[in-house]
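Q: This structure is in structure tokens; I'll ask about it shortly.
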Amino acid sequence: MKEKGLYIFLASLAVAIAAIIVADFSSGTAEKGQGNPYALNIEEYKSVDPALIHYREVRNIRLQCEHPKAIAYANGRLYLGADSFLQTITPDGREILKVSLPASPQCLYPSVDGNIYVAFRSHIEVLGPTGKPSARWEHMGEQSVITSIAVKDGILFAADAGQRRIARFSVADGQLMGYFEGKRGKGAFQGFVVPSPTFDVAVNSDGELWAVNPGNHSFEQYTNDGALRTYWENLSQTIEGFTGCCNPAHLAFLPDGSFVTSEKRLVRIKVHRPSGELASVVAPPEKFEDNGKAPDIAVSPEGIIYALDLDRKMVRVFEKIGAS
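So the sequence shown is residues 36 to 359, counted in this note's numbering.
Listed below in structure tokens is the structure:
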């Protein structure tokens with residue numbers, strides 16, 4: 036009976052303490068105002084110093100589609116994935132090719148030999164230069180969500196946001212060569228942090244493979260077999276860095292190796308030097324819809340930046356101010 040009485044006393048004490056904590060928290064909240072006092076107010080970060088903007092929008096190309104998904108540049112033309120089709124156009128918007136696809140494309144990689152690699156949610160297909168299908172590669176699993184692909188040294192790297200890893204395929208025969216998870220060192224617990232389906236890979240002009248680790252706001256360079264070589268990161272609410280749950284959403288490279296990035300929520304496009312420092316703003320948030328989707332991006336050998344605006348359904352073309 037004594038033990039039972041002790042349990043009742045302790046339970047009552049716990050309830051009383053909890054009530055005091057709740058009352059104190061409620062009182063403090065009332066004094067500070069409603070809502071989370073630590074919530075990020077993105078409004079104050081929308082304004083960008085004009086001196087940082089070194090690009091201008093020179094034209095745009097309106098698209099005839101409901102759901103634009105992906106853009107790439109190669110062989111002097113733009114490759115677009117939307118709805119359930121693949122389209123190639125000239126840089127001024129003239130259609131060259133349009134072919135139907137079996138599903139909505141997630142991302143594209145046009146190779147210099149004319150083949151076009153198209154990633155769907157959980158598998159990759161290869162199309163010839165005329166758009167005729169030539170191969171369908173191995174299904175990557177029900178949990179897979181392919182968000183980006185890139186080719187280097189005969190290997191296709193596919194970023195799988197669903198399983199938080201990068202798959203390696205042989206371009207020659209489409210055989211799966213393995214995966215890597217972005218863990219920094221032997222025994223590391225955490226690898227790629229991918230809270231949402233934004234997970235990009237790209238190869239720069241020096242043939243270096245880079246992956247965005249979006250949850251860490253970091254850029255990581257890997258060898259062909261998935262060993263980490265180097266990385267840089269910048270978590271900051273200011274224009275110099277990246278914030279939110281998973282940014283940047285998309286990555287491309289200028290010919291000099293500078294990183295071109297696009298971000299979601301606080302939508303903007305920027306250029307960072309190969310060493311990571313901010314070099315320029317391409318398009319500030321005021322250029323995009325509030326809380327809009329991050330535009331996919333592609334870059335020509337001349338350094339012209341093409342942004343696929345998913346909200347306005349257009350390709351927006353940016354050139355560096357003063358470029359001939």
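The beta carbon of each residue, even a glycine, is placed where N, CA and C say it ideally should be.
Small disclaimer: the values here were computed from a predicted structure and weren't measured.
1) Given that a residue counts as buried once 16 or more other Cβ atoms are within 10 Å of its Cβ, and exposed if not, what is Thr258?
2) Less than 7 Å between C-beta atoms, sequence neighbours within five positions excluded: which residues of the same chain meet that for Ile56?
3) Is Glu298 near Ala314, with beta carbons less than 8 Å apart?
4) Which residue wins for smallest C-alpha separation from Lys328, given the options Ile339, Asp344, Glu321?
5) What residues match up with Glu130 in a beta bridge as DSSP calls it?
6) Hey, which unbroken runs of the alpha helix (DSSP H) at 4 residues or more fall wholly within the stretch 291-331?
7) Taking contact to mean 3 or more Cβ pairs, one atom from each stretch, closer than 8 Å, check whether the stretch 188-202 and the stretch 128-135 are in contact.
8) Decide yes or no for the touch test of the stretch 84-100 against the stretch 330-338: beta carbon pairs closer than 8 Å, at least 3 of them.
9) Within 10 angstroms of its Cβ, does Lys81 collect 16 or more other Cβ (buried), or is it exposed?
10) Using DSSP's beta-bridge definition, name the partner residues of Gly213.
11) Tell me Ile339's beta-bridge partners as DSSP assigns them.
12) Go through its chain and collect everything with a Cβ distance to Pro320's Cβ below 7 Å, but skip five positions before and after it.
13) Please determine, among Glu337, Ala342, Arg308, the residue with the shortest C-alpha to C-alpha distance to Phe323.
14) Less than 7 Å between the CB of Ala333 and some heavy atom of the ligand NAP, yes or no?
15) Let me check understanding here. Comparing Cα to Cα, which of Gly357, Val352, Val316, Glu354 lies closest to Ala86?
16) Do Val350 and Ile106 come within 8 Å of each other at the CB atom, strictly closer than that value?
17) What do you get for Gln225, buried or exposed, if any count of 16 or more other CB atoms within 10 angstroms of its CB means buried?
18) Consult DSSP for Lys348 and reduce its assignment to one of helix, strand or coil.
19) Does the distance from the CB of Leu115 to the CB of Pro126 come in under 8 Å?
20) Classify Leu136 as helix, strand or coil using the three-state DSSP reduction.
21) Should the stretch 201-217 be regarded as contacting the stretch 166-173, the criterion being three or more beta carbon pairs within less than 8 Å?
22) Using DSSP with H/G/I as helix, E/B as strand and the rest coil, what is Leu289?
23) By alpha-carbon positions, which one of Ala185, Ala193, Phe277, Val206 ends up nearest to Ser179?
24) Tell me the DSSP secondary structure of Ala117 in three-state form.
25) For a quick check, are the C-beta atoms of Val147 and Ala109 less than 8 Å apart?
26) Between which two residues does the beta strand (DSSP E) harbouring Cys142 extend?
27) Kindly list the residues whose CB is nearer than 7 Å to the CB of Arg308, restricted to its own chain and excluding five residues on each side of it in sequence; keep chain order.
28) Report the three-state DSSP secondary structure of Ile356 (helix, strand or coil).
A: Taking the definition as stated:
1) An exposed status is given to Thr258, since fewer than 16 other beta-carbon atoms sit within 10 Å of its beta-carbon.
2) In this predicted model, Ile56 has a pLDDT of only 33, less than 50, meaning its place in the structure is not dependable; the value taken from the coordinates is given anyway. Same-chain partners within the cutoff: there are none.
3) No.
4) When C-alpha distances from Lys328 are compared across Ile339, Asp344, Glu321, the shortest belongs to Asp344.
5) In DSSP, Glu130 forms a bridge with Ile124.
6) Listed in chain order, nothing qualifies, since the stretch 291-331 has no complete alpha helix (DSSP H) run of 4 or more residues.
7) The stretch 128-135 and the stretch 188-202 do not touch, with fewer than three beta-carbon pairs separated by less than 8 Å.
8) Because the criterion of three Cβ pairs below 8 Å is not met, the stretch 84-100 and the stretch 330-338 do not touch.
9) It is exposed - the Cβ of Lys81 has fewer than 16 other Cβ atoms within 10 Å.
10) According to DSSP, which records beta bridges pairwise, Gly213 is partnered with Arg203.
11) Its beta-bridge partners do not exist; DSSP assigns none.
12) Answer for Pro320: Lys81, Leu301, Val302, Arg303, listed in chain order.
13) When only C-alpha atoms are compared, the closest one is Ala342.
14) The ligand content of the structure shown is nil, which means the ligand NAP is not present either.
15) Per the Cα distances, Val316.
16) It is a contact, given that the beta carbons lie within the stated cut-off.
17) Gln225 comes out exposed.
18) In this structure, Lys348 counts as coil in the three-state DSSP scheme.
19) Cβ distance not < 8 Å, so Leu115 and Pro126 don't count as in contact.
20) In the three-state scheme derived from DSSP, where H, G and I count as helix and E and B as strand, Leu136 is classed as coil.
21) As far as the Cβ criterion goes, the stretch 201-217 touches the stretch 166-173, which means the pair count is three or higher.
22) The answer is coil: DSSP assigns Leu289 none of H, G, I, E or B.
23) That would be Ala193, whose Cα lies nearest to the Cα of Ser179.
24) The three-state reading of DSSP puts Ala117 in strand, counting E and B together.
25) Result yes, Cβ atoms of Val147 and Ala109 sit closer than 8 Å.
26) 142-145 is the extent of the beta strand (DSSP E) around Cys142.
27) Taking C-beta separations shorter than 7 Å and ignoring five residues to either side along the sequence, the partners of Arg308 in its chain run Ser293, Ala314, following chain order.
28) Ile356 falls in the coil class under three-state DSSP.
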